[in-house]
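There are 4 protein chains.
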Amino acid sequence: MKLEISATLAYRLGDPVDLMLQIEAAALPEQVVAHATLDVGTCTNFARIAAQDGIGERIWLSCERQLNVHYSATVAIRRTAVDYRGLPQVPMHRLPAETIQYLNESRYCPSNKFLSFVADEFGDIQGGAKIGAMRDWIETHFTYVSGSSDVDTNALDSFVERRGVCRDYAHVMVTLARASAIPARVVSGYALGVEPQDFHAVAEIFLGGEWHLVDATGMTREADIAKIGVGRDAADISFLTAYGEIEMLEQQVTVRSVI
Amino acid sequence: MKLEISATLAYRLGDPVDLMLQIEAAALPEQVVAHATLDVGTCTNFARIAAQDGIGERIWLSCERQLNVHYSATVAIRRTAVDYRGLPQVPMHRLPAETIQYLNESRYCPSNKFLSFVADEFGDIQGGAKIGAMRDWIETHFTYVSGSSDVDTNALDSFVERRGVCRDYAHVMVTLARASAIPARVVSGYALGVEPQDFHAVAEIFLGGEWHLVDATGMTREADIAKIGVGRDAADISFLTAYGEIEMLEQQVTVRSVI
Amino acid sequence: MKLEISATLAYRLGDPVDLMLQIEAAALPEQVVAHATLDVGTCTNFARIAAQDGIGERIWLSCERQLNVHYSATVAIRRTAVDYRGLPQVPMHRLPAETIQYLNESRYCPSNKFLSFVADEFGDIQGGAKIGAMRDWIETHFTYVSGSSDVDTNALDSFVERRGVCRDYAHVMVTLARASAIPARVVSGYALGVEPQDFHAVAEIFLGGEWHLVDATGMTREADIAKIGVGRDAADISFLTAYGEIEMLEQQVTVRSVI
Amino acid sequence: MKLEISATLAYRLGDPVDLMLQIEAAALPEQVVAHATLDVGTCTNFARIAAQDGIGERIWLSCERQLNVHYSATVAIRRTAVDYRGLPQVPMHRLPAETIQYLNESRYCPSNKFLSFVADEFGDIQGGAKIGAMRDWIETHFTYVSGSSDVDTNALDSFVERRGVCRDYAHVMVTLARASAIPARVVSGYALGVEPQDFHAVAEIFLGGEWHLVDATGMTREADIAKIGVGRDAADISFLTAYGEIEMLEQQVTVRSVI
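Protein chains in written order, with our numbering: chain C, 1 to 259; chain Z, 1001 to 1259; chain F, 2001 to 2259; chain L, 3001 to 3259.
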């Protein structure tokens, strides 16, 4: 699968503002980025740093008056479609050190509150089958409603309200996985099938010694996602973080499959 | 400063339980650990892994019926006492990649809610002086009350209730620092001066290119703290995490200064 | 059914404290109180006022050093056991004015968050049958765990954690009822069958033009409950509210059935 | 002071919906309503009931497709401007029964969390002077920002974020008053000076045996407010409550002073 991606952001700024941008498809063994261009206009203090877990990069910018960003790239996805439902949970004492942070509670994923629910609903099944059952449960019980959540909505809110957007689905999926002691993180990316098209967020679950993308919205497939970055939850994968006041003028994402 | 440390934990377990232990003083350039012994009784599946940011180690255990842990060590602290109040904030585009996660909101530190408060109260001062003013503000306005918080208490709760224990002080300190775009994490450790003596938690703030311990409780000094580990907040530095039911029988910590 | 009730409270007070006490069985057409005695010791400023909705009374006291309260009474319960499951929901425009407050969200019952859940799970059934299905759902999915909740636990927390004590069961029951536009309040009382014996709290639902007791814990029956008072949630029916610091020494409740 | 008031509401409805409307100026000794007209279009099941505390009325409606409401009235305000800052707090055992509910925590006013703050900041002053100091503190530390809060924002959120709209100012004012054991409720109304003009909400505090309007936004004066209704917080005084899906098309309020 080859994806042709473009993203355009335009923001009005008052005073000079420090910004962190994380919108580029990551260079990974499983996804090869070609023809990538990034134009950040007249901003200064451009600095690239490695993003979380060494997946992708973040860019610092200092900007005045206006931010105009245009990014485009072609990404060849070579992710092998593994059926994670058949994979075992890694015994806890065999978990790699770098996965441990993804067992812990985070800003939007208060997983310890879900121990009883997870034991009651999914206590009989293990590993990838359990993750699959959780994913199906979310897709069955939730409704995708644009605008139904905001920057304060955590997995507990979404679980009760039973609706949300992609980040809420990802938060609930991650929360349930962690509540059964399986490492889980969120991934930002560009994906085919997202309706309305925008940046996408999905869960990634550590099973059988590797990370596997799990999209509880049912909108996308593993092979159609170009990863940008990973984190504990939405607090880590914002495509644009402003350390000051900004106002959105335009935000447009396109993702197309090319031969 | 040389500290003689011991910790004893005894827990009753029902079924076999996976446990993660993080109670050993970390081996660091600034603190030299000698005569360390750790006895974990009859537990199995003992596995050591690096802890967060490579500071200290975590230990996996699988245990039945009872957990009896005894740890003792002598730690020579060679931390230079720097007056962080005179240090500058690192410009954002110069921040090392590994500090970025400590700008983000976390489970117990919803820092974005404090932007107005921080701008109003501390907007006129910068860098280390700002951190010092925040620390003093917390010490002045808060009361240390044993048992006044629980595992759900976040920095927002503590800020409103104006009381808490060491972890709550650390959470508020970290939250205010992040709300002014200064990286901040929490540190678990053994410290002289903690009353009643127990594991301690303090904030650590990134100023002038290095991390500096800041204890808003006023109970301890930088030079009297033996670090165990670091994390975004209390969710990352628990001394004992049980993946199953456990019941505390005994927990005792002693810290003494030796010549 | 005739109940013999006694309650003993002993508290240590520091400074003089204003207290509100609400522990007497209410005099109601459906429950006749006899041989009632209330001893409040040396407290002053004793003042009796009508409690919420005119059901029962509240007592103001000003006390120093110690509060010793002893209450005993015999209450004949003449509540007709109606099967509320067969009753209709009152059309909204026919609801009496005094029931409207019990449709609204309250401190522990944020009912608007449950609109989707209630529509999904109970959307096909109406009136008393819906309330019965909700009650059964709670009893099936929740576990009664002493000490599993505290003064901050609201119905949203309990719903996610799926456990609690009587007040949490009552809060969830009330919340689900309000989320389907049926007035619901909480009732404090003395009841046979409460294990461990203590003050009890249950939901009361407005169906077919009258209030009906609904106990989602399954521990008590309508005919075995002597009501003390009613309110929107636990914030209104506390048996003892102190406007200052107090410390419990003893609290003992006995309820026996007598011929 | 005589106010000429008008309010126009237009909403699109999907299915038939039960609605509760509370937009009419209340008939009270202190405010005389003249020339009032209310047009609710083609809705059915019109039923008027007394609103909370017998202040004003609520109207039930069942509507299809569209709701078009127009209300206009002239209200002569004869409220004596008393300086509440000089009034004493009523001793608790002298509080009328009907004020007690306004001491308790409510949906948006979790007052018990503010006991320490209130004792620290306002512990030295009493009664009306304390209420005045609280009002001034809020006005000084808060910024009025349209759109900065939503239906989930409670007084704790507003206190931390230090901004909000009229209902948030009222919630914080009420919360601080209750935290010092002074009964406090919220009042909806039409008021001169509200910018942008809309329905207004202010606190009402029980001092010296009577209720006194206290507007922490500083936008309005007691004599310029025509009360609609009262309640524990915003959960009780919504001008329109829909028991089903609705979508706002237009909402316009005008308030003018006439000779």
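All C-beta atoms in this analysis are idealised placements derived from N, C-alpha and C, irrespective of residue type, glycine included.
| said: By alpha-carbon positions, which one of F114(C), I225(C), P96(C), S111(C) ends up nearest to A76(C)? | reply: Mapped onto the first sequence, residue 76(C) falls at position 76. Of the listed residues, the one whose Cα sits closest to A76(C) is I225(C).
Checklist line | Pairwise C-alpha distance: E2024(F) and D3124(L) | finding: Position 124 of the fourth sequence, counted from the start, is the residue given in the question as residue 3124(L). Position 24 of the third sequence, counted from the start, is the residue given in the question as residue 2024(F). Going by the C-alpha atoms only, they are around 36 Å apart.
query: Comparing the C-beta of F114(C) with each C-beta of chain F, is any distance below 8 Å?
result: Indexing the first sequence from 1 puts residue 114(C) at position 114. Yes, F114(C) counts as interfacial toward chain F.
Per DSSP, the bridge partner or partners of K1002(Z): In the second sequence, residue 1002(Z) corresponds to position 2, counting from 1. A1076(Z), V1258(Z), per the DSSP bridge assignment.
At a CB distance below 8 Å, what residues from the region 146–159 of chain C approach chain F? Give them in sequence order. L156, D157, F159
When we look at the beta-carbon of D2136(F) and count the other beta-carbons within 10 Å, is it buried (16 or more) or exposed?
-> For this step, residue 2136(F) is matched to residue 136 along the third sequence. By the 10 Å Cβ count, D2136(F) comes out exposed.
* Is R2163(F) close to chain C, meaning its C-beta is less than 8 Å from at least one C-beta of that chain? -> Numbered from its first residue, the third sequence carries residue 2163(F) at position 163. Interface residue, yes.
Relative to the C-alpha of Y169(C), which candidate in S238(C), G218(C), A179(C) has its C-alpha closest? Position 169 of the first sequence, counted from the start, is the residue given in the question as residue 169(C). If we check each option's Cα against that of Y169(C), G218(C) comes out closest.
Anything in chain Z within Cβ reach of R263(C), meaning under 7 Å, just list it in chain order. With chain C covering 1 to 259 only, the question about residue 263(C) has no answer from this structure.
I want to see whether chain Z comes within less than 8 Å of I100(C), judged by CB atoms only; does it?
Translated into positions along the first sequence, residue 100(C) becomes position 100. Yes, I100(C) lies at the interface with chain Z (some Cβ there is under 8 Å from its Cβ).
Cβ distance (whole Å) where E2161(F) is taken to contact A2010(F) below 8 Å:
Taking the third sequence and counting its residues from 1, the one referred to as residue 2161(F) is at position 161. Taking the third sequence and counting its residues from 1, the one referred to as residue 2010(F) is at position 10. With 8 Å as the limit, E2161(F) and A2010(F) do not qualify as a contact, their Cβ atoms being about 32 Å apart.
#### Entry: Burial state of T1175(Z) (16 or more Cβ within 10 Å)
In the second sequence, residue 1175(Z) corresponds to position 175, counting from 1. Result: buried.
Worksheet entry | Closer than 9 Å at the beta carbon, the chain D residues around D3233(L) | Checking the listed chains, one finds no chain D in this structure; the protein chains it contains are C, Z, F and L.
Self-check item: Opening and closing residue of the alpha helix (DSSP H) in which C1166(Z) lies
Solution: To locate residue 1166(Z), count along the second sequence from 1; it is residue 166. Residues 1166–1179.
*Q2101(F) - DSSP class collapsed to helix/strand/coil*: On the third sequence, residue 2101(F) is found 101 positions in, with the first residue counted as 1. Reduced to three states, the DSSP call for Q2101(F) is helix.
Problem - Test: D1136(Z) CB closer than 8 Å to a CB of chain L - result: As a first step, residue 1136(Z) is located in the second sequence; it is residue number 136 there, counting from the start. Answer no: the Cβ-Cβ gap between D1136(Z) and chain L never drops below 8 Å.
Check: Roughly how many whole angstroms lie between the Cα atoms of Q3066(L) and G231(C)?
Finding: Taking the first residue of the fourth sequence as 1, we reach residue 3066(L) at position 66. Taking the first residue of the first sequence as 1, we reach residue 231(C) at position 231. So the two alpha carbons sit approximately 46 Å from each other.
Who are R2135(F)'s beta bridge partners in DSSP? Looking up residue 2135(F) in the third sequence gives position 135. Beta-bridge pairing links R2135(F) to no other residue.
| field | Own chain residues within Cβ distance below 6 Å of F206(C), not counting five before or after | value | Your numbering for residue 206(C) matches position 206 in the first sequence. Excluding sequence neighbours, F206(C) sits near T99, P183.
_Contact defined as beta carbons within less than 8 Å: I believe E165(C) pairs with S148(C). What is the distance between those atoms, to the nearest angstrom?_
Numbered from 1 along the first sequence, position 165 holds the residue referred to as residue 165(C). Numbered from 1 along the first sequence, position 148 holds the residue referred to as residue 148(C). Before going on, a small fix: residue 165(C) reads as Val here, not Glu. That pair is a contact at about 7 Å.
I'd like to know whether the C-beta atoms of K2113(F) and L2156(F) end up nearer to each other than 8 Å.
One-based indexing of the third sequence puts residue 2113(F) at position 113. One-based indexing of the third sequence puts residue 2156(F) at position 156. Yes, these two residues count as a Cβ contact at 8 Å.
Are there three or more Cβ pairs, one per stretch, closer than 8 Å when the region 2049–2061 of chain F is compared with the region 2012–2028 of chain F? yes
Closer than 8 Å, CB to CB, is A120(C) near chain F or not?
Taking the first sequence and counting its residues from 1, the one referred to as residue 120(C) is at position 120. For the record, residue 120(C) in the displayed sequence is Asp; it is not Ala. Yes - at least one Cβ of chain F is within 8 Å of the one on D120(C).
Local conformation of M248(C) per DSSP, three classes:
Numbered from its first residue, the first sequence carries residue 248(C) at position 248. Residue state, collapsed to three classes: strand.
Does I3246(L) get closer than 8 Å to chain F when you measure Cβ to Cβ? Position 246 of the fourth sequence, counted from the first residue, corresponds to residue 3246(L). No - not a single Cβ of chain F is within 8 Å of the one on I3246(L).
ask   = Residues of chain C with a CB under 9 Å from the CB of T2217(F): which are they?
value = Stepping through the third sequence from its first residue, residue 2217(F) is reached at position 217. Under the 9 Å cutoff, chain C gives no residues; its nearest Cβ is about 16 Å from T2217(F).
> Where does G1014(Z) sit, in a helix, a strand or coil, going by DSSP?
Replying inline: Taking the second sequence and counting its residues from 1, the one referred to as residue 1014(Z) is at position 14. Coil, per DSSP.
- request: Could you name the residues of the same chain whose beta carbon sits closer than 8 Å to that of G2209(F), not counting the 5 residues immediately before and after it, in chain order?
  value: Numbered from 1 along the third sequence, position 209 holds the residue referred to as residue 2209(F). If we look at G2209(F) and ignore the five residues flanking it on each side, its Cβ neighbours are V2090.
Looking at the ligand FMN, does it come within less than 7 Å of G3231(L), judged from the CB to the closest heavy atom? Although the ligand FMN was asked about, the structure shown includes no ligands whatsoever.
So F1117(Z) contacts chain L; which residues on that side make the cut at Cβ distance below 9 Å?
Locating residue 1117(Z) in the second sequence gives position 117, where the first residue counts as 1. Under the 9 Å cutoff, chain L gives H3141, V3160, E3161, R3162.
Next on the checklist: Measuring only the C-alpha atoms, how far is C3043(L) from V194(C)?
Outcome noted: As a first step, residue 3043(L) is located in the fourth sequence; it is residue number 43 there, counting from the start. As a first step, residue 194(C) is located in the first sequence; it is residue number 194 there, counting from the start. The straight-line gap from Cα to Cα measures roughly 41 Å.
Review point. Taking Cβ-Cβ distances shorter than 7 Å, what residues in chain F pair up with Q3052(L)?
Key: The residue given as residue 3052(L) occupies position 52 in the fourth sequence. In chain order: Q2101.
State the beta-bridge partners of C2063(F) as determined by DSSP. Numbered from its first residue, the third sequence carries residue 2063(F) at position 63. C2063(F) pairs with V2017(F).
_Proximal residues to E2204(F) (C-beta, below 8 Å), its chain only, five neighbours per side dropped_ = The sequence position of residue 2204(F) within the third sequence is 204, counting from 1. Cβ contact annotation for E2204(F) (same chain, cutoff 8 Å, sequence separation greater than five): A2184, R2185, V2186, V2187, W2211, H2212, L2213, V2214, V2230, in chain order.
Notebook entry, point to check: Do we get a CB-CB distance below 8 Å when we pair P2110(F) with the residues of chain L?
Noted result: For the purposes of this step, residue 2110(F) is taken as residue 110 along the third sequence, with counting starting at 1. True, the Cβ-Cβ gap to chain L drops below 8 Å.
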